[in-house]
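There are 2 protein chains.
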Amino acid sequence: MKTPEELVARFREQGYKVTPQRQLIFRLLNGNTAHPTAETLYEVAAEQMPGISLRTVYQTLSELSAMGEVQHIDLGSGAVRFDPNVDDHHHVVCSTCGVVHDVYVNQTPLRFEGDVEGFAVHSTRIVFSGECAQCAHLSA
Amino acid sequence: MKTPEELVARFREQGYKVTPQRQLIFRLLNGNTAHPTAETLYEVAAEQMPGISLRTVYQTLSELSAMGEVQHIDLGSGAVRFDPNVDDHHHVVCSTCGVVHDVYVNQTPLRFEGDVEGFAVHSTRIVFSGECAQCAHLSA
DNA sequence: TGCTAATCAACAAGTCGTGCTAACTAACAG
DNA sequence: CTGTTAGTTAGCACGACTTGTTGATTAGCA
Numbered sequence: 001m002k003t004p005e006e007l008v009a010r011f012r013e014q015g016y017k018v019t020p021q022r023q024l025i026f027r028l029l030n031g032n033t034a035h036p037t038a039e040t041l042y043e044v045a046a047e048q049m050p051g052i053s054l055r056t057v058y059q060t061l062s063e064l065s066a067m068g069e070v071q072h073i074d075l076g077s078g079a080v081r082f083d084p085n086v087d088d089h090h091h092v093v094c095s096t097c098g099v100v101h102d103v104y105v106n107q108t109p110l111r112f113e114g115d116v117e118g119f120a121v122h123s124t125r126i127v128f129s130g131e132c133a134q135c136a137h138l139s140a
Numbered sequence: 001m002k003t004p005e006e007l008v009a010r011f012r013e014q015g016y017k018v019t020p021q022r023q024l025i026f027r028l029l030n031g032n033t034a035h036p037t038a039e040t041l042y043e044v045a046a047e048q049m050p051g052i053s054l055r056t057v058y059q060t061l062s063e064l065s066a067m068g069e070v071q072h073i074d075l076g077s078g079a080v081r082f083d084p085n086v087d088d089h090h091h092v093v094c095s096t097c098g099v100v101h102d103v104y105v106n107q108t109p110l111r112f113e114g115d116v117e118g119f120a121v122h123s124t125r126i127v128f129s130g131e132c133a134q135c136a137h138l139s140a
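Going down the list, the sequences are from chains B and Z. Take the first sequence: its position 118, counting from 1, is numbered 118 in my numbering, and each next residue is one higher. Take the second sequence: its position 107, counting from 1, is numbered 107 in my numbering, and each next residue is one higher.
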């Protein structure tokens with residue numbers, strides 16, 4: 001994701017207004033590796049800006065997502081999560097605590113076989129599930 | 001997935017009754033490579049057994065899923081899909097028509113790097129998105 | 001045959017996300 | 001600085017998907 005300052009510039013270019021709400025969300029996402037949901041982000045935002053609405057958080061996230069500044073990740077665990085890391089990367093999920101980490105996979109072009117004659121792959125999503133070090137430690 | 005006959009036996013073992021509805025669903029899933037949703041399966045089932053309820057389809061699918069006889073696949077495209085193929089395989093999805101195919105990946109143990117010290121991976125899900133041969137042909 | 005699970009219909013609820021309206025606020029251009 | 005207009009907010013609703021509940025009926029299986 002771009003820095004909050006760069007995002008401000010991009011929003012202005014696009015004719016979007018730069019409101020304090022949007023700026024707050026930019027800051028909350030900047031460097032955020034927690035893969036928050038809209039709801040989670042809203043809670044944090046509301047601490048710093050009581051009165052901000054969940055609606056606005058959803059909307060700003062959609063805008064950022066449409067602009068390609070955040071990734072929209074759906075792990076099938078209910079809510080969609082947002083990732084300011086827009087590199088070509090993948091995710092590991094702890095099935096116990098639900099924490100999500102970014103991972104970079106040595107993507108030796110994966111070969112696949114099956115009933116997929118002529119299929120043109122545009123993107124690949126890999127999700128590793130398992131147990132994180134914390135949870136493994138606790139349950140041991 | 002096991003054959004309908006084997007499933008009948010398994011259900012009996014587990015103390016579940018073998019009803020015509022369940023048997024119908026077993027048959028509809030057997031060898032099914034369409035990755036149907038509960039709803040889709042219900043529609044087909046209803047043709048052969050008018051009066052069957054969507055509720056029953058959902059329930060039977062949950063049972064099968066809990067028993068490990070079908071895979072529960074969530075591609076983030078709305079409804080969950082069910083796959084009677086419970087091999088260790090992955091999926092390709094056409095982003096145009098939504099068709100899903102099973103694929104077997106030459107899973108050279110994927111190496112990943114990132115903030116994942118001590119993470120114990122139990123399973124890996126790979127989803128390839130792109131355009132299927134049909135859609136590529138139509139749009140060309 | 002009888003116990004009990006399964007099914008069904010109908011309705012509800014829950015989650016996640018979006019649409020709409022109306023009123024107020026404030027960003028930005030001129 | 002002012003006016004235009006986008007953005008925000010509250011509130012209510014809906015839509016998709018899935019599960020829960022209830023109460024009556026059906027039917028599997030011992």
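We treat Cβ as the ideally placed atom computed from N, Cα and C, and that holds for glycine.
Which stretch, first to last residue, makes up the alpha helix (DSSP H) that contains residue i?
i: residue 13(Z); result: 4 to 13
i: residue 25(Z); result: 20 to 29
i: residue 79(B); result: Per DSSP, residue 79(B) belongs to no alpha helix (DSSP H) and is neither H nor E.
i: residue 136(Z); result: 133 to 139
In terms of residues, what are the limits of the beta strand (DSSP E) holding residue i?
i: residue 101(B); result: 100 to 105
i: residue 94(Z); result: 90 to 94
i: residue 72(B); result: 71 to 73
i: residue 51(Z); result: Looking at the DSSP string, residue 51(Z) is not in any beta strand (DSSP E), and its letter there is neither H nor E.
i: residue 114(B); result: 112 to 114
Roughly how many angstroms lie between the CA atoms of residue i and residue j, to the nearest whole one?
i: residue 81(B); j: residue 115(B); result: 31 Å
i: residue 140(B); j: residue 92(B); result: 21 Å
i: residue 52(Z); j: residue 24(Z); result: 10 Å
i: residue 113(B); j: residue 102(Z); result: 9 Å
i: residue 21(B); j: residue 77(B); result: 27 Å
i: residue 45(B); j: residue 34(B); result: 14 Å
i: residue 105(B); j: residue 127(B); result: 11 Å
i: residue 62(B); j: residue 17(B); result: 15 Å
i: residue 56(Z); j: residue 111(B); result: 39 Å
i: residue 71(Z); j: residue 13(B); result: 46 Å
i: residue 5(B); j: residue 67(B); result: 15 Å
i: residue 85(Z); j: residue 38(Z); result: 16 Å
i: residue 40(Z); j: residue 36(B); result: 33 Å
Does DSSP classify residue i as helix, strand or coil?
i: residue 120(B); result: strand
i: residue 60(Z); result: helix
i: residue 40(Z); result: helix
i: residue 125(B); result: strand
Thinking just about the alpha-carbon of each residue, which of the options is nearest to the one in residue i?
i: residue 88(B); options: 66(B), 74(B), 96(B) and 125(B); result: 125(B)
i: residue 60(B); options: 29(B), 129(B), 86(B) and 75(B); result: 29(B)
i: residue 122(B); options: 136(Z), 110(Z), 37(Z) and 2(Z); result: 136(Z)
i: residue 69(Z); options: 129(Z), 83(Z) and 79(Z); result: 83(Z)
i: residue 11(Z); options: 64(Z), 138(Z) and 131(Z); result: 64(Z)
i: residue 131(B); options: 118(B), 98(B) and 119(B); result: 98(B)
i: residue 119(B); options: 134(Z), 117(Z) and 2(Z); result: 134(Z)
i: residue 138(B); options: 96(B), 27(B), 129(B) and 43(B); result: 96(B)
Which bits of chain Z does residue i rub up against, with CB to CB less than 8 Å?
i: residue 96(B); result: Going along chain Z, no residue has its Cβ under 8 Å from residue 96(B), so there is no contact; the nearest lies around 11 Å.
i: residue 85(B); result: Chain Z residues near residue 85(B): none, gap ~10 Å exceeds 8 Å.
Going along chain B, which residues have a C-beta under 9 Å from residue i?
i: residue 136(Z); result: 118, 119 and 120
i: residue 101(Z); result: 114, 115, 116 and 119
i: residue 133(Z); result: 116, 117, 118, 119 and 120
Can you name the residues of chain Z whose CB is closer than 9 Å to the CB of residue i?
i: residue 32(B); result: Here the premise fails: no neighbours, minimum Cβ distance about 13 Å.
Who are the neighbours of residue i on chain Z, taking C-beta pairs under 7 Å?
i: residue 124(B); result: 126 and 128
i: residue 76(B); result: 74 and 76
Which chain B residues are close to residue i, counting only those with a beta carbon under 8 Å from its beta carbon?
i: residue 172(Z); result: Any answer about residue 172(Z) is impossible in this case: the structure gives chain Z only from 1 up to 140.
i: residue 92(Z); result: 112, 114, 116, 119 and 121
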